[in-house]
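Colleague: So that we are looking at the same thing, I have put the structure below in structure tokens.
In our numbering, the protein residues as written are 3 to 149.
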């Protein structure tokens, strides 16, 4: 393989990853759980720090379980208060990293949460195989705790 063709292959992998991540973000924004199920691989390396006081934060391994996280989040938070902004979207080959800020309100307590996040995704064969989310879990746990 020549240097030019290797660079072209790397570029096409990066663009394919970018496209899947953009589809993922669009499906999340639209609440399209069926599309999320399609985008996640059958088995996913899911990492989100366990937080027993937060109903939507728990271990997951299948694409359907990962997609269901969106539904559970909507059930437990006030949709119109939810905000997420992306400050950076970096893609290198099969890996993508997004950083930004998230905020919302827990429905049961009426308490707000907010903080920065970083999301690492890996895309292989057009599907998300890794979803590692790092966020302000303390703020979310405190918002879930009754007064």
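Built from N, CA and C at the ideal position, the CB exists for glycine as well.
(1) So, under 8 Å CB-CB, residue 41 and residue 32 are touching, yes? Tell me the CB distance rounded to an integer number of Å.
(2) Can you check whether the CB of residue 96 is closer than 8 Å to the CB of residue 19?
(3) Shorter than 8 Å from the beta carbon of residue 49 to some beta carbon of chain C?
(4) Between residue 125 and residue 22, what straight-line distance do the alpha-carbon atoms span, to the nearest angstrom?
(5) Quick one: measure Cβ to Cβ for residue 111 and residue 148, integer angstroms, because I've assumed they're closer than 8 Å.
(6) Nearest-angstrom Cα distance between residue 13 and residue 83?
Modeller: So, from the listed chains and residues:
(1) As a first step, residue 41 must be located in the chain shown, where it is residue number 39. As a first step, residue 32 must be located in the chain shown, where it is residue number 30. So it is not a contact: roughly 12 Å between Cβ atoms.
(2) Taking the first residue of the chain shown as position 1, residue 19 is located at position 17. Taking the first residue of the chain shown as position 1, residue 96 is located at position 94. Contact: yes.
(3) The question asks about chain C, but that chain is absent: this structure has only one protein chain.
(4) Within the chain shown, numbered from 1, the residue matching residue 125 stands at position 123. Within the chain shown, numbered from 1, the residue matching residue 22 stands at position 20. Taking the straight line from one Cα to the other gives about 7 Å.
(5) Within the chain shown, numbered from 1, the residue matching residue 111 stands at position 109. Within the chain shown, numbered from 1, the residue matching residue 148 stands at position 146. The Cβ separation is near 6 Å, so the contact holds.
(6) The sequence position of residue 13 within the chain shown is 11, counting from 1. The sequence position of residue 83 within the chain shown is 81, counting from 1. When rounded, the separation of the alpha-carbon atoms in residue 13 and residue 83 is 38 Å.
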